[in-house]
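J.: Have a look at this one.
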Amino acid sequence: MPLSDDHRSDLIAACPLFSGIGAGGLAALAKVATDVSFPAGHVIARQGEIGTGFFVVADGSVKVVRDGSVLAHLGRGDFFGELSVLDGRPRNAMVTAETATTCVAIASWDFEAALLANPAVTLAILRGVATRLREATDAPRH
Numbered sequence: 012m013p014l015s016d017d018h019r020s021d022l023i024a025a026c027p028l029f030s031g032i033g034a035g036g037l038a039a040l041a042k043v044a045t046d047v048s049f050p051a052g053h054v055i056a057r058q059g060e061i062g063t064g065f066f067v068v069a070d071g072s073v074k075v076v077r078d079g080s081v082l083a084h085l086g087r088g089d090f091f092g093e094l095s096v097l098d099g100r101p102r103n104a105m106v107t108a109e110t111a112t113t114c115v116a117i118a119s120w121d122f123e124a125a126l127l128a129n130p131a132v133t134l135a136i137l138r139g140v141a142t143r144l145r146e147a148t149d150a151p152r153h
């Protein structure tokens, strides 16, 4: 069943990557977002391929795998695909639906257009990516 516009907007607004974005920026992202459903076992993003979309999990769960090692299990409100969409380089991990999963997706060209049109969105996303990078590099190593 398709997500309502309000539900799609709420998921985008709750996404940590977009914290600090005002109503206008969120509306611009929600306008270009669409929902996509994947059956369990479907590969949503392949490691090594150029990414064409950014995803927020609306329902279900996905598994993130790099070089055969599971890095994370993501669920409602979690996101993936931002790095490849931002830098145009190949995906650094594979993401597979663990259960039937629905995501809110923003195509890379729409994502870029929203960034170019709204500096506040760009700044908020840069801060979100910097936070994730800091968390990854500050994490204890085993």
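The working numbering puts the first residue of the sequence shown at 12, with every later residue one more than the last. Each residue gets a CB set at the ideal place from its N, CA and C atoms; glycine is no exception. All of these numbers come straight from a predicted model, not from anything done at the bench.
How big is the Cα-Cα spacing for V106 and C26?
T.: As a position in the sequence shown, residue 106 is number 95, starting the count at 1. As a position in the sequence shown, residue 26 is number 15, starting the count at 1. Computed Cα separation, rounded: 18 Å.
J.: Compare the C-alpha of D16 against each of N129, A147, G71 and A38 and name the closest.
T.: The sequence position of residue 16 within the sequence shown is 5, counting from 1. Comparing Cα positions, the closest option is A38.
J.: Mark E60 as exposed unless 16 or more other C-beta atoms lie within 10 angstroms of its C-beta, in which case mark it buried.
T.: The residue labelled residue 60 in the question sits at position 49 within the sequence shown. E60 should be labelled exposed.
J.: What is the DSSP secondary structure of T133, reduced to helix, strand or coil?
T.: For the purposes of this step, residue 133 is taken as residue 122 along the sequence shown, with counting starting at 1. Three-state result, T133: helix.
J.: Leaving out five residues on either side along the sequence, give the residues of the same chain with a beta carbon under 6 Å from the beta carbon of T45.
T.: Position 34 of the sequence shown, counted from the start, is the residue given in the question as residue 45. Cβ neighbours of T45 beyond the five flanking positions: A116.
J.: Checking the sheet assignment: what are the DSSP bridge partners for K74?
T.: Locating residue 74 in the sequence shown gives position 63, counting from the first residue. In DSSP, K74 forms a bridge with H84 and T107.
J.: Mapping the DSSP letters down to three states, classify S30 as helix, strand or coil.
T.: Taking the sequence shown and counting its residues from 1, one reaches residue 30 at position 19. It is coil, neither helix nor strand.
J.: Please return the same chain residues whose Cβ sits closer than 7 Å to the Cβ of A125, not counting the five positions on each side in sequence.
T.: The sequence position of residue 125 within the sequence shown is 114, counting from 1. So the qualifying residues of the chain are A39, L40, V43 and V132.
J.: Quick one: residues in its chain with C-beta nearer than 6 Å to the C-beta of H153, no 5 flanking neighbours on either side, listed in chain order?
T.: The count along the sequence shown starts at 1 and reaches residue 153 at position 142. With a pLDDT of 47 at H153, under the threshold of 50, the modelled position of this residue cannot be trusted; read the value that follows with caution. None.
J.: Return the first residue and the last residue of the alpha helix (DSSP H) that I23 is part of.
T.: Here the question's residue 23 lines up with position 12 in the sequence shown. It spans D16 to A25 - the alpha helix (DSSP H) in which I23 sits, taken as one unbroken run.
J.: Rounded to a whole number of angstroms, what is the C-alpha to C-alpha distance between V96 and D121?
T.: Walking along the sequence shown from the start, residue 96 turns up at place 85. Walking along the sequence shown from the start, residue 121 turns up at place 110. Their Cα atoms are separated by approximately 10 Å.
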